[in-house]
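Presented below is the structure to which this report refers.
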Amino acid sequence: MAFEVELWIIMVFSIVTAVLVSMFALSKKKRYPWSMFALFILLIGFFAGVTLFAPDLFGLSPDGRIIPIDALSGPLLAWILGLVLLAKANHDVRLEKQNEKTLALNEISRAYLTSTSIADAAKSALDRLVRVFEAESGVFFLMDTTSRKVSLIAASGETPKALLAQIQKYTAEFDNFCLALASWLSGDRLPVRRLMQESMDLLKKEGYSTVLGAPVISGQTVLGMVLICSRKKLPVTEEDREHLNLVAFQLGLWMSQMMNIEKMKRLAETQKALLDVSLLFQLELDVEKISHSIISKLIELIPARDVMVYLYDDRKKTLRAADAIGKDAEAIMAEGTFPLSEAGLAGHILMSGKPEIIPDTLADGRGKQIEGTARESTAMLALPLISKGKPLGIIEIHRDLPATFTEEELKIGALFAQQASIALENAQLLQMMENEKDRSKLYLDLLSHDIANLNTPLYSYFDLLLNSDLPDETKDLLRKAHAQVEAMSALVSRVRKLSKGDLEDMEEVKTVMVRDVIKDAIRSLKGAFPNKEIEVNLEIPENEPFPARTGEMLDEIFLNILHNSVKFSKGKKVRIDVTIERMEIKGRWFCAVRIADYGCGVPDEMKEEIFSGRKAVAASFARGFGIGLNMCRKLVEKYGGSIWVEDRVRGDHTKGACFVVTLPTMPPKQKT
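Basically the working numbering = 1-based index in the sequence shown + 72.
Dropping the structure here:
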């Protein structure tokens, strides 16, 4: 009886096992060797059934109690062999799956090395993962911290519509999404479990029963997430999850490298763009055109919705919309000019002088909205235009929320603003100079015209007086006055010529005798100061006329220096020492004229400044009669010479000044 129970157990167990293994074999793509295992086990059940119901086939005793040992040896050995083969096959399948997953990782790594596109590499990784996990679909999405959006970067198989809706929802809840992933990475998995549970609930509505997810990270930065979905229940183990996490980790490392490469490329492109902008700004000298160049070039470097430039008038304390591009360009230009006190955030940032990122313009409480502009919340990058500590204006760059600006874009904008500030300052200075030049030309035209009109009757009066019966002494004075009026008219005429053209076209260069020119200048000097006792000590080598090729303005150069010597000498008596000598400089011969006075002198720090032409310096040290020391230097250099000032007594400027003028001349004659 016990023997029959054993046979019944063996038969039932074998049949049930064979049925289960057969069902498992039918569910596998590779049915061999699972079908063979079912056959072996069924064979064991067959032997047990035959022994139970037809014992004569195995030579049993009539009472059924005694059975030869070799009668069951075949079924038992087959059963044991089947179990061994089943275990080995199961182990082989696990190894095969492990090898497939390892191969998948290797293929993904090779894809990274050969791909230059994040999307292509992600697609290759997803396709392989879906095959390895025997899933139906997979998605890989990125989180952009700049635009604050979650975007689908790659998909494999069928893309779940509910998951896309979930991603769009994450776009609006970006911060919470990042917080959940960051919490998962730090060990607190509750937020991400809720997140994954919500995703799974949505996916189940579409018939998905298995969802695997792994964050794509680089360091402490969450870059995105990989999701593998299947409508059928997948036997997912912890080992499978580790494989998926490893793939996601490799994706994160590769993406981080690719992003760094892209960052370096953008930096190189930015540097090239800044160089191009710098060259463009150097060539452009119009304020309005520079303003337009600023916004057109800047929007290429930093894509945005609106870019605008406001120029600041320090004298009036106002801001003016110079140019704008984008959605609200027309409304921005309609703002016109408004006081700095009503400029809102722009005014605060301009006065601070520091570039800044404003995450939300309406939420920032430092400044009110500019009157007449739409109350719209945007992210703003504000770039003050500052040159030498002086505010020139401000650049505003706007993006629609939830987008914002990065620190990298802040640095790029700050570098751009520096270039733009220099260009704007140069253009404004040029415009100011042009305005001053126009005013000076107007004044000079009026002055020269009026002087010519005033001098005309003077000539007639002098002629009448000189032809009348006046004492000879009086007539001598009249002749001197007549000569001064003529000199004044000639000077005005020459200065007018200087104002109209370049020095190269100003006058005809000819050979003159420096000795004679300096003597004429001394005579004119004494006639110009009849109330001064002027003593001029002239030292000139005998029989040395000192020829030089100059223009007709040479006498004005000497006369200007002589006038300054008289002007800055105290008292009625004035002493001036004039020497002329020949000197050799680097193999060339020059005529050197030294005009030394006994006045207040020129301090060392001003010796070069007095030739600069700046108004403040000219008012203090170079305010003479005629063309001025700045023009004197330009003329002397045009003649091929040079001019400078030194102390009459070396090391003590209070003892008077000595002006030195050198002009090219002939070498000395060889003595025979």
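Glycine residues also receive a C-beta, built at the ideal position from the N, C-alpha and C atoms. Here the structure is a predicted model, which is why all the values come from computation and not from measurement.
Buried versus exposed, by CB contacts within 10 Å (16 or more), residue i
i: residue 196; result: buried
i: residue 627; result: buried
i: residue 632; result: buried
i: residue 636; result: buried
i: residue 769; result: Lying outside 73 to 744, the shown extent of the chain, residue 769 is not represented and no answer is given.
i: residue 198; result: buried
i: residue 258; result: Because residue 258 sits at a pLDDT of 41, beneath the cut-off of 50, its placement in the model cannot be relied upon, and the following sentence gives the value as read from the coordinates. Residue 258 is exposed by the Cβ-count criterion.
i: residue 395; result: buried
i: residue 574; result: Its pLDDT being 47, under 50, residue 574 is placed unreliably by the model, and the measurement read from it follows with that caveat. It is exposed - the Cβ of residue 574 has fewer than 16 other Cβ atoms within 10 Å.
i: residue 594; result: buried
i: residue 625; result: buried
i: residue 313; result: exposed
i: residue 417; result: buried
i: residue 542; result: exposed
i: residue 363; result: buried
i: residue 657; result: exposed
i: residue 726; result: exposed
i: residue 369; result: buried
Span of the beta strand (DSSP E) around residue i
i: residue 672; result: Looking at the DSSP string, residue 672 is not in any beta strand (DSSP E), and its letter there is neither H nor E.
i: residue 430; result: 428-430
i: residue 290; result: 282-290
i: residue 708; result: Note, residue 708: premise wrong, no beta strand (DSSP E); alpha helix (DSSP H) at 701-710.
i: residue 453; result: 450-459
i: residue 462; result: 462-472
i: residue 650; result: 645-657
i: residue 410; result: 409-411
i: residue 306; result: It is not in any beta strand (DSSP E) - residue 306 carries neither H nor E in the DSSP assignment.
i: residue 415; result: Per DSSP, residue 415 belongs to no beta strand (DSSP E) and is neither H nor E.
i: residue 619; result: 619-622
i: residue 609; result: 605-611
8 Å Cβ cutoff met for residue i and residue j
i: residue 294; j: residue 286; result: no
i: residue 451; j: residue 431; result: yes
i: residue 561; j: residue 603; result: no
i: residue 311; j: residue 380; result: no
i: residue 738; j: residue 619; result: yes
i: residue 377; j: residue 472; result: yes
i: residue 550; j: residue 536; result: no
i: residue 223; j: residue 214; result: yes
i: residue 407; j: residue 393; result: yes
i: residue 557; j: residue 530; result: yes
i: residue 168; j: residue 303; result: no
i: residue 282; j: residue 308; result: yes
i: residue 616; j: residue 587; result: yes
i: residue 674; j: residue 717; result: yes
i: residue 629; j: residue 704; result: yes
i: residue 410; j: residue 434; result: no
Close-in-space but distant-in-sequence residues of the same chain around residue i (CB under 7 Å, 5 per side omitted)
i: residue 482; result: 427, 429, 453
i: residue 135; result: Residue confidence is low: residue 135 scores 49 on pLDDT, short of 50, so the model does not pin down where it sits. No coordinate-derived value is stated.
i: residue 641; result: 669, 670, 671
i: residue 740; result: 654
Beta-carbon contacts of residue i that lie in its chain and below 6 Å, excluding the five residues immediately before and after
i: residue 316; result: 284, 286
i: residue 648; result: 608, 637, 669
i: residue 533; result: none
i: residue 653; result: 664
i: residue 724; result: none
Below-8 Å beta-carbon distance, residue i vs any chain D residue
i: residue 675; result: Of the protein chains in this structure there is only one, and it is not chain D.
Close beta carbons around residue i, own chain, < 8 Å, minus the five adjacent residues each side
i: residue 684; result: 702
i: residue 463; result: 384, 386, 422, 423, 425, 456, 457
i: residue 581; result: 621, 622, 623, 711
i: residue 736; result: 620, 621, 660, 661, 662, 663, 711, 712, 713
Residue interval of the alpha helix (DSSP H) (run including residue i)
i: residue 590; result: 586-600
i: residue 732; result: No alpha helix (DSSP H) holds residue 732; the beta strand (DSSP E) holding it covers 724-736.
i: residue 717; result: Per DSSP, residue 717 belongs to no alpha helix (DSSP H); it is in the beta strand (DSSP E), 714-721.
i: residue 47; result: Within the shown structure, residues of the chain are numbered from 73 to 744, placing residue 47 beyond reach of any answer.
i: residue 636; result: 626-639
i: residue 370; result: 359-373
i: residue 191; result: 190-204
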